[in-house]
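Worksheet: one structure, shown below.
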Amino acid sequence: MGKRPSHNGVMTAYPHGSGGQSLTSVGFETTRPLADSWFEALLESAPDAILIVDASGAIVVANSQAERLFGYDRSELIGEAVEVLVPEAQRRLHAEHRDHYNNNPHVRPMGHGMDAELMARRKDGSIFPVEISLSALWTAEGLLVTSVIRDVSERKRIEEQLERQVQHRTAHLNALLGLSTTLLAERDIDAILQHALQHAMLLVPEAQQGAIYLYDRAEHTLVLRASTHPSLVLGSTVAVNIGLCGRAFRSGHIQAASSVTEYAAALPPMQGDEYTQMLEALGLNQLPSGALVIPLLAHNEALGVLRLLRHTGEGPFASEARPTLGLLANLTATAITEAHSHYTADRLTTQVARLEDQQRELTARLDSAEAGMLQAARLAAVGQLAASVAHEINNPLYAARNSLFLLEQDLPDDLQGTPYLTILQQELARIAGIIERMRDFYRPDRGEFAPCDLNQLLEHTLAVAVLNARHKAISVQFAPNTTLPSIQGNADQLRQVFLNLVINALDAMPDGGTLSVRTAFGPTVVLVEVADTGIGIPDDIRPRLFEPFYTTKTNGTGLGLSISAHIVTQHGGQIEVETNPGKGTIFRVVLPHEARELPS
Amino acid sequence: MERQPARILVVDDEAAIRLTMSIMLQRRGYAVSSAASSAEALALIHQHRFEMALLDLKLPDGSGLDLAEYLRLHHPATAVLILTGSSPLDSTLDDGRLGQFHYLIKTCSPQDVLERINLALCS
């Protein structure tokens, strides 16, 4: 058997040289003292339990580690079937495995095959995980199997703990991921803080109180915005230069205290009342035995702090959860920033939209007001100008016409009837006429208002105008509403308005056409419409249509429409124009017929 | 017995108007005196009895309306016609008094004036 190669010279040498002595019989009381002592020393110095088992499965050698490990005395083990050290349920299987091994003995190191699940049984019946290496020895007495057994319950425990921690961390991270979705979708800062706080409390089961303070820039304090404890009043403040909260906020680093002493060390030195007040300010009845304050950092700026406190219990506080809490705090800070920027953006968007609305409304109002005011102001200015011009011109004009009157009488007979004299008289009369009309600008004449029958006024006006139109191919259509209510007005002035409109319409149809005049009425107003099928009004002229002294006619004064507009305005009405170049123009005069109030 | 021509007082601060009016009226057979101010007019009124007075509204030393009122009060037989270059609603004149008198605006023709004078003197 000695020829058999072996990994271990000592082991192989010993049985070889045992001289056919049975190990079973000798135990450690070997007849070869030197070799025996080596063997014993070797067995005893081994860190693991060692058993040598013969082919029948009986234990022939056991070291003291084996005694300790299994709780048996060596004397109890020697000769006993090795299955006594195997849990009952696995004994049969173990015996089969042993037979199988004996048929095919080989070196089997630890950590191979089924080792991971191998269990052993102590004398007291308790079960524990083991790793076992096997090696075979051929001796004169037959096969001996050496097994080295190592208790791995501690390693398993650590492994399981690690596994648990990994699972724990994974759970934290998953929860954080879930929370991040909630937080980042949330727009209400208080809701964000509540979520974050609840989550932080879950992460640190030993924490008994949680609170979140946010920095108030204006007041330069930390303001309580969320808490798990009713004794903490929302809105209460903590100075940024006091305690762990202040430190965490200022430094941007997590601050921790594992005992009352450590917590107190962070507070400024205080006496009596100050101390009580400080505790009150911190929302505490007593100093906590554990504290963790995490800054809420967004873009390296602290927005506030998350504070967790432990009142009962000792030792390191929340050390495992710190990395996760740090992430949670940053997430919360980001969510706050997001919510704030969203809020700001929303508010800005709303404000911008509102401003734009106001701007548009204002512009529209201004445009129409400006147009109205411009025309009114222009008319008023022209009215005043007209009045003073009238006065300045009337005196010389009067003297001139008187002189001409006398001159005509003094002319010799052969010069009587000279066309120049006639022209002079006519042109002076025309100047007088222009001045008369200019003067009309300045004549509200409210006192002279009387009921007017517009249909009748129009009929007379048309009768005069048609004389003008007779030499042109113009057809006149008059469609009065026969139940038209009368209006309060100055008939002469209104006649002038309609005459102006009709003359303009005729002038717009140099090659003939149709002049249509109709009247209609509504609940409060009457309408006079004067339509032609003429050349229309070009776009560039339209804005200046009612402007005094603006004319496109060679002989026009530019006063017709401006005076008309003035008169209509004085009557509390308005004048509108709708034109289609090349197709014609419609002027509409709208005048109130009841419940009328004149503009003051 | 030949009838005395009607005496007419023309008051206007513009010489051209005083002259032309005087000639026009004289050619119609009226006896005409003219004055360039209220003071001159009052002096003439004290000297003569006028059938008619043609008064400009704006005078260098007062309003033609004051003269008109004076005449109505002291010489009710004198017909008054006010001639004005301004709009009747000119703020300096619109004190409601103009409407109490006959008036013409100076955009009227010479014929209009003569007609109105004739009308006033006949009534």
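The listed protein sequences correspond, in order, to chains P and H. Using my numbering, the first residue of the first sequence is number 1, and each one after it goes up by one. Using my numbering, the first residue of the second sequence is number 1001, and each one after it goes up by one. A virtual CB, placed ideally from N, CA and C, is assigned to each residue, including glycine.
Please report the distance separating the alpha-carbon of P/G406 from that of H/L1114.
For clarity, residue 406 of chain P is Leu in the given sequence; the question names Gly instead. Taking the straight line from one Cα to the other gives about 12 Å.
Which residue or residues does DSSP assign as beta-bridge partners of P/N580?
P/G584
If we define contact as Cβ-Cβ less than 7 Å, is H/G1062 a contact residue for chain P?
no
What separation, rounded to the nearest whole angstrom, lies between the Cα atoms of P/L527 and P/E576?
Roughly 11 Å separates the two Cα atoms.
For P/V530, count neighbouring Cβ atoms within 10 angstroms of its own Cβ and tell me buried if that reaches 16, exposed if not.
buried
Ordered along the chain, which non-local residues of its own chain (more than five positions away) have a Cβ less than 7 Å from that of P/R596?
Here P/R596 scores only 44 on pLDDT, less than 50, and its place in the model is too uncertain to base an answer on.
What residues in its chain sit with their C-beta under 7 Å from that of P/E67, if we drop five residues either side in the sequence?
D73 and R74
Going along chain H, which residues have a C-beta under 8 Å from P/A603?
Residue 603 of chain P lies beyond the range of chain P shown here (1 to 600); nothing can be said about it.
Would you mind telling me which residues of chain P sit closer than 9 Å to H/E1014, beta carbon to beta carbon, in chain order?
N395, P396, Y398 and A399
Taking a contact to mean a Cβ-Cβ separation below 7 Å, would you say H/M1110 touches P/N402 in this structure?
According to the sequence as given, residue 1110 of chain H is Pro; it is not Met. For H/P1110 and P/N402, yes; Cβs fall inside 7 Å.
Helix, strand or coil: which one does DSSP assign to P/Y213?
P/Y213 falls in the strand class under three-state DSSP.
Going by C-alpha to C-alpha distance, which of P/G79, P/E80 and P/V525 sits closest to P/R588?
P/V525
For P/G210 and P/L203, what's the separation of their Cα atoms in angstroms?
If you take the alpha carbons of P/G210 and P/L203, they lie about 11 Å apart.
Answer with yes or no whether the minimum CB distance from P/E427 to chain H is below 7 Å.
no
Would you mind reading off the limits of the alpha helix (DSSP H) that contains P/A55?
Neither: P/A55 is in no alpha helix (DSSP H) and is coded neither H nor E.
Quick one: residues in its chain with C-beta nearer than 8 Å to the C-beta of H/D1061, no 5 flanking neighbours on either side, listed in chain order?
S1037, S1038 and A1039
Is H/I1082 close to chain P? Criterion is C-beta to C-beta, closer than 7 Å.
no
Can you tell me whether P/L462 is buried or exposed, with buried defined as 16 or more other CB within 10 angstroms of its CB?
buried
Mind checking which residues open and close the alpha helix (DSSP H) that includes P/H199?
I189 to L203
What's the call for P/A339, buried or exposed, on a 16-neighbour Cβ count within 10 Å?
Counting other Cβ atoms within 10 Å of its Cβ, P/A339 reaches 16 or more and is therefore classed as buried.
Around the Cβ of P/G560, are there at least 16 other Cβ atoms within 10 angstroms (buried) or fewer (exposed)?
buried
Along the chain, where does the alpha helix (DSSP H) that runs through P/R602 open and close?
As shown, chain P starts at 1 and ends at 600. That puts residue 602 of chain P outside it, with no answer to give.
What number of angstroms, rounded off, separates the C-alpha of P/T533 from the C-alpha of P/K583?
6 Å
For P/H299, does the three-state DSSP call read helix, strand or coil?
coil
Since P/N394 and P/I435 are thought to touch, with beta carbons under 8 Å apart, how far apart are those beta carbons, to the nearest angstrom?
Sure, about 6 Å apart at Cβ, within 8 Å.
P/W138 bridges to which residues according to DSSP?
Answer is P/L143, bridged to P/W138.
From what residue to what residue does the beta strand (DSSP E) around H/E1014 run?
Looking at the DSSP string, H/E1014 is not in any beta strand (DSSP E), and its letter there is neither H nor E.
Put P/A218 into one of helix, strand or coil per three-state DSSP.
coil
Please report the Cβ distance between P/V61 and P/L51, rounded to the nearest whole angstrom; I am assuming they are in contact, meaning their Cβ atoms lie under 8 Å.
7 Å
Kindly list, in the order they appear in chain H, the residues whose Cβ is closer than 8 Å to that of P/H566.
At a C-beta separation below 8 Å, P/H566 has no neighbours in chain H, since its nearest C-beta there lies roughly 14 Å away.
Between the Cα of P/L224 and the Cα atoms of P/V238, P/Q477 and P/D54, which residue gives the shortest distance?
P/V238
Is there a C-beta anywhere in chain H that falls below 7 Å from the one on P/I503?
Closer than 7 Å: no.
Can you tell me whether P/A479 is helix, strand or coil according to DSSP?
strand
Please report the straight-line C-alpha distance between P/G513 and P/L545, rounded to a whole angstrom.
22 Å
For the pair the segment 171–179 of chain P and the segment 320–329 of chain P, tell me if three or more CB-CB distances fall below 8 Å.
yes
Could you name the residues of chain P that H/M1024 contacts, counting a contact when the two beta carbons are closer than 8 Å?
Correct list: N402, F405 and L406.
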